[in-house]
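S.K.: My structure is below; once you've seen it, I'll send some questions.
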Amino acid sequence: MSDYRKTLNLPATSFPMQAGLRVSEPLRVAWWQERRTYARRLERNRTAGPWILHDGPPYANGELHMGHFLNMVLKDVFVKIALLDGKWAEFVPGWDMHGLPIELETLKHLGIADFHAVDPLELRARCRERAIYWFERQRDVRMRMGTFGEYDRPYRTIDPQYEAVIVDAIADLVERDQIYRGLRATLWCIHDETALAEAEIEYENKTSPSIYVRFPLSSYQRAALEERLSSSGRVRADEPASILIWTTTPWTLPGNAAIALRPDAEYALYDLGDERVLVAQALAERVLGERYATATCLASVTGEQLEDLHASHPLYDHDTVIVLADYVDLETGTGAVHTAPGHGADDFETGMRYKLPILSPVDAAGRFTAEAGQYAGLPVFDANARIIGDLRARGMLWRAEDIEHSYPHCWRCHHPVIFRATAQWFISMERNDLRARALAAVDTVAYTPQWGRERQRQMIERHPEWCISRQRTWGTPIPALRCMQCERSILDARVARAAAQRFRSAGADAWWSDGVERYLPAGFACPACGGTRFEQERNIVDIWFESGVTHLAVLGRDGLSWPCDAVLEGADQYRGWFRSSLVTATAIRGAAPYKHVVKNGWVNDEQGRPMSKSRGTGIDAQEAMERYGADVLRLWAASVEFVDDVRFGPNVVEQVTRVYRNVRNRIRFMLGNLGDLPVDAIVPPERLGGLDALALAYAMQTFGEIASKYDAFDVHSAYLRTIAFESEMSALYFDAMKDPLYSRATGDPRRRRAQSVLLAALEGFLAAIAPVLSFTAEEAWQALPAHLRAGRDSVFDLSLVRVESSERTAQAWTLLRSLRARVSADGTLRDFEVAAEVMLSKEDRALLLDVFADDEHLREGLCEALVVSDVEVRDGVLTQVRNQRAHGEKCARCWKYRSLGTSAAHPDVCRECAAILDG
RNA sequence: GGGCCGUUAGCUCAGCUGGUUAGAGCGCAUGCUUGAUAAGCAUGAGGUCCCUGGUUCGAUCCCAGGACGGCCCA
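So the first sequence is numbered by the working numbering: it starts at 30 and just counts up by one.
What follows is the structure, encoded as structure tokens:
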């Protein structure tokens, strides 16, 4: 028997089975850059109109982790989908580069303990270097992921033009009277006499007094309470009654402005014989102790029903008011929380909500001021004992003891810190109906998932007055002035405009280096005292404000649309960037800056727990790409439901790697069979018939389905459809076409038709997967002979296929698949050993005649599709297949069973093969 | 402690408005193939649809409670 292998057209391609992504991907990134692949496609798409995904800026500090990878790759997937759809999908990546974390890292890097001791310009220069170091690092890693974007001109919050946008936005808000100066409770170190940020505190154990205090009710107040309790006559006017509170900071009692109750908790008034006390029912036993046994519960009511009632201050001659707060817990204390807005974060928010006075009778060194009356001059912690003594003397102390608890301390001097109210700049959520307008703007936006809208609404509803000033150095200055005559702080729009103008060319450092005159309009005088001498305030703006104006800096310019089409970030941004962007946009432009908010989930480890270096499950994006290759990880990003939290780890990657190899091999099969196809031999779709036409239609409608999944941001469904498709296509069409492709003569029309289908399917497939498997799709496209690429330099020059699905096509496909499976399931006869007897129901026969036109084509088509030597078609009640042994002998070349010996030169092959061998 | 989200085969996930022998891909087992070969084809095993109640003729799907996990807030 001769070896006819060499006479066959076996697959051949330069597209290797082994991917070697680690090596090839960085080269491909450079290749895309050199060829300006993205830029050129954008230029071609320019007239089609924009589709803009606006980048929420990552913070330029530290390595990018897998959460960044997921987020950045998904953004890229959406950009590329739009690009392949012919849209002008300009993507400008951005970075958040000011702020405390960088300042702290820089100080640590420089070994400097007290930032007051550093020249601000020097510190800013060092911070800039540090931020740029991380920016460059992150940019390179982000490009390594294979993402497209304007990396030559990203937006950066530290760039002069960007700083100018920030300051102009402040000017806009000042003009709209949206900004005011007010008090805010901040963490304060009385030892270092400085405000501290959240990141600058450490929790340590501390012993504090734990006291229960009576807030007495006057007769008038008791009457009001009685009304709410509907306990007519039971609260007697002549017996003392009080509300009990618990605190571990007695010194904050002078700052008390309210008592907070939990709205949904039950509060009860207990008669103890000689007095009556109101506490949360759930805590009564613990609070009342041994007196609980003899106490009588007179009435109970929810906290909500007690709102706005008054009580008397236990130390001073003034009232305090009952307010509601969700954070009041029923685990400790009395369920009635002493609220001092000047001395606590929660208290402050509550104070803002109820417009309570922000009392903070404490100076920078932690001593009571004259406002605190009899305690003036006392250090606050020393005052605790005095206050407890006074409470006892006035009969207001219910109980006192000491407890040890976790308490915030200064990270540098390790002294306990306090909350102290200081003057800050605020954006008002109420002026100009900003909150209401922001809520209205939410309703104009689409949310994925849909509950995101409700989440966003809540975040706006609960948005406290927005404190935008920080007493730090690494940021954009708030261009406020201080009158040197009356000490008043002044934020004037004209000054702000001048600052913006100045920063646009000189950068914000100018605020520190310029004299104040440069910013003063002609004839400027203090609106309060008429003074004319000023100095610059040294506050910088909250970085959430900086990132909240990215839409002003990036959108609406160079053809980018405002609002943008979509934003995509993690769920933490409902509170962060989604919110800050929405608030600034509503305040300044009167509308939401985006049309669609898409949220991506968190990346956890394989056990569903947060990834952590210490647990050994932490891996940053760069490491992961070095280990697995970006494309495998990009496929992972598509293989998980990104809207939910997702899992990542070696086993997950292992699995997706296998899927990747499948995809790769199916591409390889198509490429391998296209090497010899001349352009003029390509058969146009309308001249295809039978199995070819069916396979092509099936492929095209699948690509259409994938495209519509993409439209809905449903990358995961597109992924499922894609892998199901390549598996289907391989099992039926590729398998069936091996015989015609391999054993027919090179130029045989049957072979050319199959090749034409493969070419069209390959193009559509590569376009469909290119948004996700960018590297592999491009590699495959470059492995296709140049004449078949037809001038389309890159896979990103292709277009997504958009065709309607047809039910008949899917049905015919499924029918053929099941017929083929029934032949293959035969354990005794191999494919070509079979002569199949195919019985078809009436419906199935009609279905197949749609595909194969007539009985003769049907028979031939089934021979191919079932990969058997012969087929006999019969009518039946049910569709079934019976395998018979094929007549004739096995052709040594094409393996089909035929009568051999027709050619004397080649006695062991069939007539068709002999003809090919003879040329 | 509060709000939101999730829990379907070993893994990643489908299951539209309650009625299906609950599906796909990967993995696994078995068989075929050795002319896609560190590939290809077929078959098969594998699920108390997190738990407990309830509504219903009927619940993976609706309701209530709980467990576990995540995010945000405290």
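The beta-carbon is built from N, C-alpha and C at its ideal position, and this holds for glycine as well. Remember, predicted model here, so these are calculated numbers, not experimental data.
Whose C-beta lies closer than 6 Å to the C-beta of F804 among residues of the same chain, with five residues either side of it excluded?
M.R.: Correct list, in chain order: E54, R57, G175, D660.
S.K.: Note the first and the last residue of the continuous alpha helix (DSSP H) segment covering S610.
M.R.: Element bounds for S610: 606–617.
S.K.: If you measure between the beta carbons of I519 and L510, is that distance less than 7 Å?
M.R.: Contact: yes.
S.K.: When you compare only the Cα positions, how much space is there between Y241 and D337?
M.R.: Roughly 22 Å between the two C-alpha positions.
S.K.: Can you check which of these residues, I274, G418, L749, is closest to G364 by C-alpha distance?
M.R.: If we check each option's Cα against that of G364, I274 comes out closest.
S.K.: Could you tell me whether the region 884–902 touches the region 762–781, using the rule of 3 or more Cβ pairs below 8 Å?
M.R.: As far as the Cβ criterion goes, the region 884–902 touches the region 762–781, which means the pair count is three or higher.
S.K.: Identify the continuous beta strand (DSSP E) that holds H816 and give its terminal residues.
M.R.: Taken as a continuous stretch (DSSP letters only), H816 belongs to no beta strand (DSSP E), being part of the alpha helix (DSSP H) at 815–818.
S.K.: Between the C-alpha atoms of H952 and I288, what's the straight-line distance to the nearest angstrom?
M.R.: Residue 952 lies beyond the range of the chain shown here (30 to 948); nothing can be said about it.
S.K.: Measuring alpha carbon to alpha carbon, tell me which of D709, A774, Q811 ends up nearest L791.
M.R.: Per the Cα distances, Q811.
S.K.: Going straight from the alpha carbon of T579 to that of S609, what length do you get?
M.R.: Their backbone Cα atoms lie some 10 Å apart in a straight line.
S.K.: Taking buried to mean at least 16 other C-beta atoms within 10 Å of its own C-beta, is R695 buried or exposed?
M.R.: Result: buried.
S.K.: Once DSSP output is grouped into helix, strand and coil, what is the label at M46?
M.R.: The answer is coil: DSSP assigns M46 none of H, G, I, E or B.
S.K.: Please report the Cβ distance between E494 and M381, rounded to the nearest whole angstrom; I am assuming they are in contact, meaning their Cβ atoms lie under 8 Å.
M.R.: That belief holds up - the Cβ atoms of E494 and M381 are roughly 5 Å apart, short of 8 Å.
S.K.: For K871, count the other beta carbons within 10 Å of its own beta carbon; 16 or more makes it buried, fewer makes it exposed. Which is it?
M.R.: By the neighbour-count rule (16 or more Cβ atoms within 10 Å), K871 is not buried but exposed.
S.K.: Name the residue from A710, L813, A774 whose alpha carbon lies nearest to the alpha carbon of L946.
M.R.: That would be A774, whose Cα lies nearest to the Cα of L946.
S.K.: Helix, strand or coil: which one does DSSP assign to F164?
M.R.: In the structure shown, F164 sits in a helix (DSSP, three-state: H, G or I).
S.K.: In chain order, what residues of the same chain lie with their CB nearer than 7 Å to the CB of T398, ignoring the 5 residues before and after it?
M.R.: These residues qualify, in order along the chain: P390, V391, D392, A405.
S.K.: Cα-Cα, which of I351, T277, D303 is closest to L290?
M.R.: Closest by alpha carbon: I351.
S.K.: For M30, which residues in the same chain have their Cβ closer than 7 Å to its Cβ, ignoring the five residues on either side in sequence?
M.R.: Reliability of the predicted coordinates at M30 is poor, the pLDDT of 46 falling under 50, and the value obtained from them is presented with this limitation in mind. Closer than 7 Å at the Cβ level, and outside the excluded window around M30, lie A921, D937.
S.K.: Which two residues bound the contiguous beta strand (DSSP E) that contains K628?
M.R.: 625–629 is the span of the beta strand (DSSP E), which, as asked, contains K628.
S.K.: Since P183 and V121 should fall inside the 8 Å C-beta cutoff, what is the C-beta to C-beta distance between them, to a whole number of angstroms?
M.R.: P183 to V121, Cβ: 6 Å. Contact.
S.K.: Kindly indicate which three-state DSSP category S951 falls into: helix, strand or coil?
M.R.: Because the chain spans 30 through 948 in this model, residue 951 falls outside it and cannot be assessed.
S.K.: Ends of the beta strand (DSSP E) at L426?
M.R.: Run containing L426: 426–439, per the beta strand (DSSP E) assignment.
S.K.: Helix, strand or coil for D649, going by three-state DSSP, please let me know.
M.R.: Strand, per DSSP.
S.K.: Is K116 closer than 7 Å to L597 when the C-beta atoms are compared?
M.R.: Not closer than 7 Å, so no.
S.K.: Label A875 either buried or exposed according to how many other C-beta atoms from any shown protein chain fall within 10 Å of its C-beta, with 16 as the threshold for buried.
M.R.: With fewer than 16 Cβ atoms within 10 Å of its Cβ, A875 is classed as exposed.
S.K.: Rounded to whole angstroms, how far is the Cβ of L139 from the Cβ of R155, which I believe are closer than 8 Å?
M.R.: Going by Cβ atoms, the distance from L139 to R155 rounds to 6 Å, so yes, they are a contact pair.
S.K.: Consult DSSP for S239 and reduce its assignment to one of helix, strand or coil.
M.R.: DSSP places S239 in strand when its eight states are reduced to three.
S.K.: Does the beta-carbon of M46 have 16 or more other beta-carbons within 10 angstroms, so that it is buried, or is it exposed?
M.R.: Looking at its Cβ environment, which holds fewer than 16 other Cβ atoms inside 10 Å, M46 is exposed.
S.K.: For the ligand COA, I want to know if R914 counts as a neighbour, meaning its beta carbon is within less than 6 Å of at least one of the ligand's heavy atoms.
M.R.: Of the ligands one can find in the structure shown there are none, so the ligand COA has no counterpart to examine.
S.K.: Judging by CA-CA distance, which residue of G890, W60, R251 is the nearest neighbour of W842?
M.R.: With distances taken between Cα atoms, W842 lies closest to G890.
S.K.: Considering only the alpha carbon of each residue, which of R70, I141, A193, G123 lies closest to R168?
M.R.: Considering only alpha carbons, the answer is G123.
S.K.: Contact between the region 514–531 and the region 199–211: three or more CB pairs below 8 Å?
M.R.: In short, these stretches touch, since the Cβ pair count reaches three.
S.K.: Helix, strand or coil: which one does DSSP assign to D899?
M.R.: If DSSP states are grouped into helix, strand and coil, D899 belongs with the strands.
S.K.: Who are L307's beta bridge partners in DSSP?
M.R.: According to DSSP, L307 bridges with I272, L298.
S.K.: In whole angstroms, what is the alpha-carbon distance linking N100 and Q479?
M.R.: Using only the alpha carbons, I get a separation of about 19 Å.
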